[in-house]
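Novice: The structure follows.
In our numbering, the protein residues as written are 1 to 129.
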């Protein structure tokens, strides 16, 4: 996957730490609504080793413009159309957004959620780590 600055990002970078992977798009209202919650979650838990990665299923220009209006502290990668395939491989059979997956530090999937995350979801997921 590519970052907004054109660097290549691999999942290996996150190995050994819990990871919340969030598939989103600028044109998806529930995605946009949950981003501040994810940003807050990242700010609260990154010191404990929990990583958040946003995968934008969107055009790079749209993502850049969006992030100028709503800056996020956690990393964002551009998944493009291949992001739908990645999501399906992780259990998103319908290809909908938003879609989130929580991985344990061993890389195993602990939780999945189709639809907008709520604070209680994140609290329950952290309690399982």
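We put the beta carbon where it would ideally sit given N, CA and C, even for glycine. Note that the structure is a prediction, hence the values are computed from the model and not measured.
#1: Assign residue 99 to one of three DSSP states: helix, strand, or coil.
#2: Nearest-angstrom Cα distance between residue 55 and residue 23?
#3: On the DSSP letters alone, give me the boundaries of the alpha helix (DSSP H) that residue 64 sits inside.
#4: In its own chain, which residues sit with a C-beta less than 6 Å from the C-beta of residue 72, not counting the 5 before and 5 after it?
#5: I need the straight-line Cα distance from residue 81 to residue 96, nearest angstrom please.
#6: Are residue 110 and residue 128 touching if we call contact CB-CB under 7 Å?
Specialist: Reading from the atomic positions:
#1: Three-state DSSP puts residue 99 in a strand.
#2: When rounded, the distance between both Cα atoms is 5 Å.
#3: That run of the alpha helix (DSSP H) goes 60-69.
#4: The answer, listed in chain order, is 39.
#5: Cα to Cα, residue 81 sits roughly 13 Å from residue 96.
#6: Contact annotation: residue 110 and residue 128 have beta-carbon atoms nearer than 7 Å.
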